[in-house]
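Residue numbers (this note's numbering): 1 to 94. One structure is given below, encoded as structure tokens.
Quick look at the structure:
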């Protein structure tokens with residue numbers, strides 16, 4: 001803001017002069033986090049979420065493979081039991 005000072009110069013003429021003065025205003029609140037920092041945090045959270053999704057998918061895939069392996073081993077045991085003798089110490093003659 002400028003204020004006007006009036007006065008007489010040595011020649012007796014009236015003059016006005018603008019003198020700048022300091023104006024105090026309300027302080028502006030600055031954000032606690034910058035926009036860039038918020039973007040970086042968002043990117044990091046998205047990356048962590050993607051990693052969790054991949055780990056979950058791998059875990060589910062390994063569970064399916066384990067179930068298939070158990071199923072196959074049960075089938076093999078069943079086939080082995082059908083074709084093996086009941087007791088290896090006894091011999092049956094038909």
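For each residue, glycine too, the CB sits at the ideal point set by N, CA and C. These numbers were taken from a predicted model, which means no experiment stands behind them.
Residue i to residue j span [Cα, whole Å]
| i | j | result |
| --- | --- | --- |
| residue 26 | residue 33 | 21 Å |
| residue 39 | residue 66 | 41 Å |
| residue 124 | residue 31 | Here the chain covers residues 1 to 94 and nothing more, so residue 124 does not appear. |
For residue i, the residue or residues it bridges with in DSSP
| i | result |
| --- | --- |
| residue 23 | Residue 23 pairs with nothing; no bridge assigned. |
Collapsed DSSP secondary structure at residue i in the structure displayed
| i | result |
| --- | --- |
| residue 11 | coil |
| residue 34 | coil |
| residue 59 | helix |
| residue 40 | helix |
| residue 28 | coil |
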